[in-house]
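Peer 1:
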């Protein structure tokens, strides 16, 4: 039972680590939603070059493994930017983590937005046109209320996936929970209870969130 | 630009080896995960009592971050069971562990999509249970779940980049090592990123193409 005692002993730094995970999650989710919305708007635009470049961006960013993007943004982008701007730049680990995870999720968010918007029946939009509604009004009163309800379940489960992915950021020295657990493992030389405990803790956390999302989703479907 | 290409060409050997390790780990993990997932599915349908046990297993695989699973398998399992003995085994075991949970659910959905009448007809004709699985359920199921299977393989390739953390010499590991040697991350990291994106983009395009053709075939 020394394993459990260890979690209690190190509770302060573990808690700080978890808070860093949540911070990275919130920042990258915000960035992902914003960029995803822009990419989706461009993807649905009538201008062909805009549409094509948005499609290319979405496909490429969705094909990039998170870890590769993390290292690439953390090590390559500052060097390239420094050369362009003629100054010496570095990214803080949290900034790189936010950019990498935010950009990866923006590709998925964009596709979810698009699926939601395209699932709204064309007839509704045409009917609104026939009634003489303006474009912004159609978007605000007809398309978005229906689309948001359709895309919420998928968006929520993608956000849970993003929260799971934030455990990666310790590889670029963000002091998140895995970083702290690794430090404790090195200190105590007890990988078995520490890694098992962390796995179980995350299991319970994510399972709770998943079942919550499931409940909200079925509620949305019924309504 | 000349400098960049030279850096990459000079290090082509380790990079190719890394790509080989990445692909072989992903393939082994995928095959093992498919076998485990299908077995879980079959056992579950014959032994309803064991269902809660498998439900916990599947939930655990799907709801734990892959990075934690990897470290858990590599360090905690070794202390507990004395296995897996090398990092390569630990890498594919962890990747297979995660995917087996997802694939078990995929297979379940696939089996549910096979009309029950086909299975009843096979029973009525006196076809043995295993033969029914092999000749009637699995072929039809594979047809419907082929796109999801491909997708899971792509997920495994993406996650396989993590095994560099436990010092498996995959493509990512080689990229980090060469970056440390040459002190310049730009050419090698960018090249490796492009390789990964190209491989995954090619696979997902192939998968989309295949699923469109299957869809057309199923509807005709």
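Chains as they are written, first to last, in my numbering: chain U, 20 to 242; chain G, 585 to 804. Cβ atoms here follow ideal geometry from the backbone N, Cα and C, with glycine treated the same way.
Look at the alpha carbon of residue 796 (chain G) and the alpha carbon of residue 803 (chain G), and state the distance between them as a whole number of angstroms.
Peer 2: Taking the second chain and counting its residues from 1, the one referred to as residue 796 (chain G) is at position 212. Taking the second chain and counting its residues from 1, the one referred to as residue 803 (chain G) is at position 219. Approximately 11 angstroms between the Cα atoms of the pair.
Peer 1: State the Cα-Cα distance for the pair residue 103 (chain U) and residue 110 (chain U), rounded to the nearest angstrom.
Peer 2: Looking up residue 103 (chain U) in the first chain gives position 84. Looking up residue 110 (chain U) in the first chain gives position 91. In a straight line, the C-alpha of residue 103 (chain U) is about 15 angstroms away from that of residue 110 (chain U).
Peer 1: Name the chain G residues that come within less than 8 angstroms of residue 214 (chain U), Cβ to Cβ?
Peer 2: As a position in the first chain, residue 214 (chain U) is number 195, starting the count at 1. Near residue 214 (chain U) (Cβ distances below 8 angstroms), the residues of chain G are 652, 655, 656, 659 and 660.
Peer 1: Helix, strand or coil for residue 595 (chain G) per DSSP?
Peer 2: For the purposes of this step, residue 595 (chain G) is identified with residue 11 of the second chain, where counting begins at 1. Here residue 595 (chain G) sits in coil by DSSP.
Peer 1: When the Cα of residue 46 (chain U) is compared with those of U:121, U:138, U:134 and U:141, which residue comes out closest?
Peer 2: Mapped onto the first chain, residue 46 (chain U) falls at position 27. The option with the nearest alpha carbon to residue 46 (chain U) is U:121.
Peer 1: Use the C-beta contact count for residue 73 (chain U): other C-beta atoms within 10 angstroms, 16 or more gives buried, fewer gives exposed.
Peer 2: Here the question's residue 73 (chain U) lines up with position 54 in the first chain. Counting the other CB atoms within 10 Å of its CB gives residue 73 (chain U) a total of 16 or more, which places it among the buried residues.
Peer 1: Nearest to residue 695 (chain G) by CA position, among G:725, G:613 and G:738, is which residue?
Peer 2: Against the second chain, residue 695 (chain G) aligns to sequence position 111. Comparing Cα-Cα distances from residue 695 (chain G) to each of G:725, G:613 and G:738, the minimum goes to G:725.
Peer 1: Take residue 606 (chain G) and list the residues in its own chain whose beta-carbon comes closer than 6 angstroms to its own, dropping the five residues that flank it on each side.
Peer 2: Your numbering for residue 606 (chain G) matches position 22 in the second chain. Contacts found: 744, 754 and 755.
Peer 1: If the cut-off is 7 angstroms on Cβ atoms, which residues from the region 186 to 199 of chain U count as contacting chain G, listed in chain order?
Peer 2: 186, 187, 190 and 197
Peer 1: Check each residue of the region 770 to 789 of chain G: if its Cβ is closer than 7 angstroms to any Cβ of chain U, include it; give the result in chain order.
Peer 2: 770, 773, 774, 776, 777, 780, 781, 784, 785 and 788
Peer 1: Check this for me: beta carbons of residue 613 (chain G) and residue 661 (chain G), under 7 angstroms apart or not?
Peer 2: For the purposes of this step, residue 613 (chain G) is taken as residue 29 along the second chain, with counting starting at 1. For the purposes of this step, residue 661 (chain G) is taken as residue 77 along the second chain, with counting starting at 1. Not in contact: residue 613 (chain G) and residue 661 (chain G) (Cβ atoms no closer than 7 angstroms).
Peer 1: Sort G:777, G:620 and G:627 by Cα distance to residue 91 (chain U) and report the nearest one.
Peer 2: Along the first chain, one-based indexing puts residue 91 (chain U) at 72. Taking only the C-alpha atoms, the option nearest residue 91 (chain U) is G:777.
Peer 1: Chain U beta carbons: is any one of them nearer than 7 angstroms to that of residue 742 (chain G)?
Peer 2: Position 158 of the second chain, counted from the first residue, corresponds to residue 742 (chain G). Output row for residue 742 (chain G): interface = yes.
Peer 1: For residue 704 (chain G), count the other beta carbons within 10 Å of its own beta carbon; 16 or more makes it buried, fewer makes it exposed. Which is it?
Peer 2: Against the second chain, residue 704 (chain G) aligns to sequence position 120. Exposed.
Peer 1: Is the beta carbon of residue 686 (chain G) within less than 6 angstroms of some heavy atom of the ligand GDP?
Peer 2: Among the components modelled here there is no ligand, and therefore nothing to report on the ligand GDP.
Peer 1: Can you name the residues of chain U whose CB is closer than 8 angstroms to the CB of residue 663 (chain G)?
Peer 2: As a first step, residue 663 (chain G) is located in the second chain; it is residue number 79 there, counting from the start. By Cβ distance, chain U contributes 210 and 211.
Peer 1: So is residue 644 (chain G) in contact with chain U if we call contact Cβ pairs under 7 angstroms?
Peer 2: One-based indexing of the second chain puts residue 644 (chain G) at position 60. Chain U, which has a Cβ nearer than 7 angstroms to the Cβ of residue 644 (chain G), makes this yes.
Peer 1: Please identify the residue among U:41, U:174, U:125 and U:108 whose C-alpha is closest to the C-alpha of residue 57 (chain U).
Peer 2: As a position in the first chain, residue 57 (chain U) is number 38, starting the count at 1. Taking residue 57 (chain U) as reference, the option from U:41, U:174, U:125 and U:108 with the minimal CA-CA separation is U:125.
Peer 1: So the alpha helix (DSSP H) residue 648 (chain G) belongs to, where does it begin and stop?
Peer 2: Residue mapping note: residue 648 (chain G) aligns to position 64 of the second chain, counting from 1. Run containing residue 648 (chain G): none; DSSP gives neither H nor E here.
Peer 1: Spatial neighbours of residue 44 (chain U) within its chain, please: C-beta separation below 7 angstroms, excluding the five flanking residues on both sides.
Peer 2: Looking up residue 44 (chain U) in the first chain gives position 25. So the qualifying residues of the chain are 181, 182 and 185.
Peer 1: Just to confirm the assignment, what range does the alpha helix (DSSP H) spanning residue 695 (chain G) have?
Peer 2: By one-based count along the second chain, residue 695 (chain G) stands at place 111. For residue 695 (chain G), the enclosing alpha helix (DSSP H) has its first and last residue at 671 to 696.
Peer 1: Between residue 78 (chain U) and residue 785 (chain G), which are expected to be in contact by the criterion C-beta below 8 angstroms, what is the C-beta distance as a whole number of angstroms?
Peer 2: Looking up residue 78 (chain U) in the first chain gives position 59. Looking up residue 785 (chain G) in the second chain gives position 201. With a Cβ gap of about 6 angstroms, residue 78 (chain U) and residue 785 (chain G) count as contacting.
Peer 1: Does any CB atom of chain G fall closer than 7 angstroms to the CB of residue 144 (chain U)?
Peer 2: Translated into the one-based positions of the first chain, residue 144 (chain U) becomes position 125. Judged by the 7 angstroms Cβ criterion, residue 144 (chain U) is not in contact with chain G.
Peer 1: DSSP three-state label for residue 195 (chain U), please.
Peer 2: Sequence index remark: in the first chain, residue 195 (chain U) carries index 176 (1-based). Here residue 195 (chain U) sits in coil by DSSP.
Peer 1: Give me the chain U residues within the contact set of residue 595 (chain G), using Cβ-Cβ distance strictly less than 9 angstroms, ordered along the chain.
Peer 2: Here residue 595 (chain G) is taken as the residue at index 11 of the second chain, counted from 1. The premise fails here: residue 595 (chain G) is roughly 16 angstroms from chain U at the closest Cβ pair, so nothing lies under 9 angstroms.
Peer 1: Look up residue 93 (chain U) in the DSSP assignment and say whether it is helix, strand or coil.
Peer 2: Walking along the first chain from the start, residue 93 (chain U) turns up at place 74. Taken through DSSP and simplified to helix, strand or coil, residue 93 (chain U) comes out as helix.
Peer 1: Closer than 7 angstroms by C-beta to residue 692 (chain G): which residues in its own chain qualify, once you throw out the five before and the five after it? Chain order, please.
Peer 2: On the second chain, position 108 is the one that residue 692 (chain G) refers to. 625.
Peer 1: Assign residue 615 (chain G) to one of two classes, buried (16 or more other C-beta atoms within 10 Å of its C-beta) or exposed (fewer than that).
Peer 2: In the second chain, the residue the question calls residue 615 (chain G) occupies position 31. It counts as exposed.
Peer 1: Could you name the residues of chain G that residue 27 (chain U) contacts, counting a contact when the two beta carbons are closer than 8 angstroms?
Peer 2: On the first chain, residue 27 (chain U) is found 8 positions in, with the first residue counted as 1. Here the premise fails: no neighbours, minimum Cβ distance about 19 angstroms.
Peer 1: Figure out for me which residue from G:766, G:747 and G:765 has the closest Cα to the Cα of residue 757 (chain G).
Peer 2: What you label residue 757 (chain G) is simply residue 173 of the second chain in a count that begins at 1. If we check each option's Cα against that of residue 757 (chain G), G:747 comes out closest.
Peer 1: Look at the alpha carbon of residue 53 (chain U) and the alpha carbon of residue 232 (chain U), and state the distance between them as a whole number of angstroms.
Peer 2: On the first chain, position 34 is the one that residue 53 (chain U) refers to. On the first chain, position 213 is the one that residue 232 (chain U) refers to. Distance between the alpha carbons of residue 53 (chain U) and residue 232 (chain U) is about 22 angstroms.
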